[in-house]
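Chemist: For the sequence shown, UniProt numbering gives the first residue as 1, with consecutive numbering after it. Even for Gly, the Cβ is constructed at its ideal location relative to N, Cα and C.
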Amino acid sequence: MKNTLLALFSVLTINSCSDKKKPTTITQMVTFTVKPEYIQEFREAQVNSLNESLKEEGNLEMKLYANDNNPYELSVYSKWKNNEVYELHKTLPHSKALGPLFEKALQGAPKMVRLEDTKFPHIDSKKLISTGIERAVFTPIIIKEDYRDRVIKQFEYYAENARKQEGNIFFDFYAVADTNNAFYVYENWKNGDEIWDTYVAQPYVTKSKKLLDEARVNIREDLEVVFATEYDENTLNEKYSLEKLWEVEDVIMPESILSIPNHDFVYVSVINTYEKPGYISRYHKNGELDKEKWVEGIDVPTGKAFYNGKIYVVDQSQVHVIDIETVKIVKTVRSEAKTLNDITIGKDGVGYISDLTTGRIFRLKDDKIELWLHSDKFPTPNGVLIKDGNLIVGSIGDELSQSLKPEQLGSLFKVNLQDKSVTTIKPSERMGAIDGVVPFKKGMIVSDPMNGKIFYVTNYKKELVTDTSGFGGSNADLGIDNQEQILYVPYLLDNKIAAYKIVKK
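Next comes the structure, spelled out in structure tokens:
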């Protein structure tokens, strides 16, 4: 849909007969869709071209972005002093070197949108070294022509407020060149995932949305917002490793660890052998035991999630709800399933639970556990995580077995929470027997206990973080403190838990 809109914008840009004065500067957004087999080569070439282009005297600004929801789509925003220096740029060696790569690597012609400043002019972006937690947003807008002045005036007000808001890196509102009714919102936010709900609830945002709902021209599915991550040398070469902070032994079959933001403790599901009842242990974040049997009355505790002051613990066919303040199980919700394993809960309080042996995902809503999805794409769903409007599902593989062949290993899947469509996260395909899945930056850290590996996975890459197979492996359902960048690892069969600092190589 977005490519269709960009193509439409390009046609409008080329064919319109507007009498408006052409801007001195050249500002544009160019989007490339790349064949999967060339994506890494294309990224590296674009980063090299970016670095060289920024050295050009006539270049005012240039940024490269990767679409968060399409790993094969990259966009380049650039601003040039005038058309003369832009034409010179196209003749330089680093630009010409891209030509042969474009011919073999692109799925179609690049889509270009030429942009013009509105009454509230562009401000050069603040210098940013991408940390992987920013959120860039591109929003193409086509409106009824008689709304043009009202929309521009409203977005002057919008831009003024957005640029003052905590977390904003930049906010620009452009007109699409040579049109009277096409615009382009271009913005970037620090810690975008954390502040987004607060941002979109601001009065200036809701007022602008109301006007746009009235002013938009509907084109098929209407216009699509695109979320992206700035891509530079830092992003291209990001690799992580783990440095051990502490380790605690004699924890009998720890299956999962839960770390809660802005909270002093971590919570461990202790299976305690399948012949004895399990329990939840609580530890200080420095590894010191607070209380071994913090909560009892649980047969086989596995995955956990936190929501609204309560910890939700999966226990085979049921989910126990523990109040942190009273340290009591205040509710137990039962289901028809027998092998429930992991749980994740969204901001709306709705939980999703994997059923390990049946390929099913159950939903916990209004104190009921009901079947939500049955997919043959993941016959052994294990770790689950809600991220960016999708349910991420990690699969053990084609079957439950200790001796899976490489072609039988599991992958990460993305399930759309609205239409339940299932897609494979390509870099994770047949990656391993997946268990723990936790969010980290723009991707996820994922454990493979059968092979003793921990990976960092995004929409566009997979990196091995550590290989624990040399000392037993069995790294199960992970916990993470994203603020401190600490990973908590339960070693199910080695009867120990550990904490690691996530460090950049």
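Could you tell me the alpha carbon to alpha carbon distance between Ser281 and Thr344, rounded to whole angstroms?
Modeler: Going by the C-alpha atoms only, they are around 20 angstroms apart.
Chemist: Checking the sheet assignment: what are the DSSP bridge partners for Val34?
Modeler: Paired residues: Leu106.
Chemist: On the criterion of 16 or more Cβ atoms from any shown chain inside 10 Å, does Val393 qualify as buried, or is it exposed?
Modeler: Classification of Val393: buried, given that the 10 Å Cβ count is 16 or more.
Chemist: Are the beta-carbon atoms belonging to Ala105 and Phe155 less than 9 angstroms from one another?
Modeler: It is not a contact, given that the beta carbons lie outside the stated cut-off.
Chemist: In angstroms with no decimal places, state the Cα-to-Cα distance between Gln316 and Ala201.
Modeler: Computed Cα separation, rounded: 39 angstroms.
Chemist: As an exercise, report each continuous alpha helix (DSSP H) stretch of at least 4 residues that is fully enclosed by the stretch 290-328, in chain order.
Modeler: Here no run is fully enclosed.
Chemist: Closest by CA to Asp178, which one among Val113, Lys291 and Gly167?
Modeler: The shortest Cα separation from Asp178 among Val113, Lys291 and Gly167 belongs to Val113.
Chemist: Quick check on this structure: which residue in Pro301, Thr423 and Ala45 has the alpha carbon closest to the alpha carbon of Asp232?
Modeler: For the residues Pro301, Thr423 and Ala45, the minimum Cα distance to Asp232 belongs to Ala45.
Chemist: Within the chosen definition, does the stretch 393-406 reach the stretch 362-369 through at least 3 CB pairs nearer than 8 angstroms?
Modeler: Counting Cβ pairs under 8 angstroms, fewer than three are found: no touch.
Chemist: How would you label Arg135, buried or exposed, when you count the other beta carbons within 10 angstroms and need 16 or more for buried?
Modeler: When all chains shown are included, Arg135 counts as buried.
Chemist: CA-CA distance, Val295 and Phe265?
Modeler: Cα-Cα distance, rounded: 14 angstroms.
Chemist: Please tell me whether Val333 and Pro301 are closer than 9 angstroms, where the distance is taken between their beta carbons.
Modeler: Against a cut-off of 9 angstroms, the Cβ pair of Pro301 and Val333 comes out as no contact.
Chemist: Can you tell me whether DSSP reads residue 510 as helix, strand or coil?
Modeler: In the structure as shown, the chain starts at 1 and stops at 505, and residue 510 therefore has no counterpart that could be examined.
Chemist: Could you name the residues of the same chain whose beta carbon sits closer than 6 angstroms to that of Asp348, not counting the 5 residues immediately before and after it, in chain order?
Modeler: Hits under 6 angstroms: none found.
Chemist: List the residues that DSSP assigns as beta-bridge partners of Trp246.
Modeler: Answer is Ala499, bridged to Trp246.
Chemist: With distance defined between alpha-carbon atoms, name the residue in Tyr204, Leu373, Ala182 and Val137 nearest to Ala215.
Modeler: It is Ala182.
Chemist: Exposed or buried, what is Glu238 when buried is set at 16 or more other beta-carbons lying within 10 Å of its beta-carbon?
Modeler: Buried, since its Cβ has 16 or more Cβ neighbours within 10 Å.
Chemist: When DSSP builds the beta bridges, which residues end up paired with residue 506?
Modeler: No information on residue 506 is available, as it lies outside the stretch 1 to 505 that the chain covers here.
Chemist: For Arg360, is the classification buried or exposed, using 16 other Cβ atoms within 10 angstroms of its Cβ as the cut-off for buried?
Modeler: Buried: at least 16 other Cβ atoms inside 10 Å.
Chemist: Nearest-angstrom Cα distance between Val503 and Leu487?
Modeler: If you take the alpha carbons of Val503 and Leu487, they lie about 10 angstroms apart.
Chemist: Under three-state DSSP, which class holds Val251?
Modeler: Of the three classes helix, strand and coil, the one that applies to Val251 here is coil, per DSSP.
Chemist: Given this structure, state the Cα-to-Cα distance separating Thr273 from Val251, to the nearest angstrom.
Modeler: So the alpha carbons of these two residues sit roughly 11 angstroms apart.
Chemist: Can you grab the Cα-Cα spacing for the pair Lys338 / Asp355, in whole Å?
Modeler: Each residue's alpha carbon lies about 8 angstroms from the other.
Chemist: Do Ser428 and Val446 count as a contact pair if the criterion is CB distance below 9 angstroms?
Modeler: It is a contact, given that the beta carbons lie within the stated cut-off.
Chemist: How about Tyr147: is its C-beta nearer than 9 angstroms to some C-beta of chain D?
Modeler: Annotation note: the requested chain D is absent from the structure, which comprises a single protein chain.
Chemist: From which residue to which residue does the beta strand (DSSP E) around Tyr267 run?
Modeler: Segment Phe265 to Val270, the beta strand (DSSP E) holding Tyr267.
Chemist: Met62 and Ser53: beta carbons closer than 9 angstroms?
Modeler: Yes; because the gap between Cβ atoms is below 9 angstroms, this pair is in contact.
Chemist: With distance defined between alpha-carbon atoms, name the residue in Ala499, Lys55 and Pro379 nearest to Asn482.
Modeler: Selected option, being the one with the closest Cα: Ala499.
Chemist: Three-state secondary structure (DSSP) at Ser75?
Modeler: In this structure, Ser75 counts as strand in the three-state DSSP scheme.
Chemist: Going by DSSP in three states, Tyr199 sits in which element: helix, strand or coil?
Modeler: In this structure, Tyr199 counts as helix in the three-state DSSP scheme.
Chemist: Would you identify the three-state DSSP class for Lys209, choosing helix, strand or coil?
Modeler: DSSP places Lys209 in helix when its eight states are reduced to three.
Chemist: Is DSSP giving Glu145 helix, strand or coil here?
Modeler: Glu145 falls in the helix class under three-state DSSP.
Chemist: With distance defined between alpha-carbon atoms, name the residue in Glu57, Gly167 and Asp342 nearest to Lys81.
Modeler: The residue with the shortest Cα to Cα distance from Lys81 is Glu57.
Chemist: Go through its chain and collect everything with a Cβ distance to Tyr77's Cβ below 6 angstroms, but skip five positions before and after it.
Modeler: Excluding residues within five positions, the ones whose Cβ falls inside 6 angstroms are Met29 and Lys63.
Chemist: If you follow the alpha helix (DSSP H) that Lys96 is in, where does it begin and where does it stop?
Modeler: Note, Lys96: alpha helix (DSSP H), Pro93 to Lys96.
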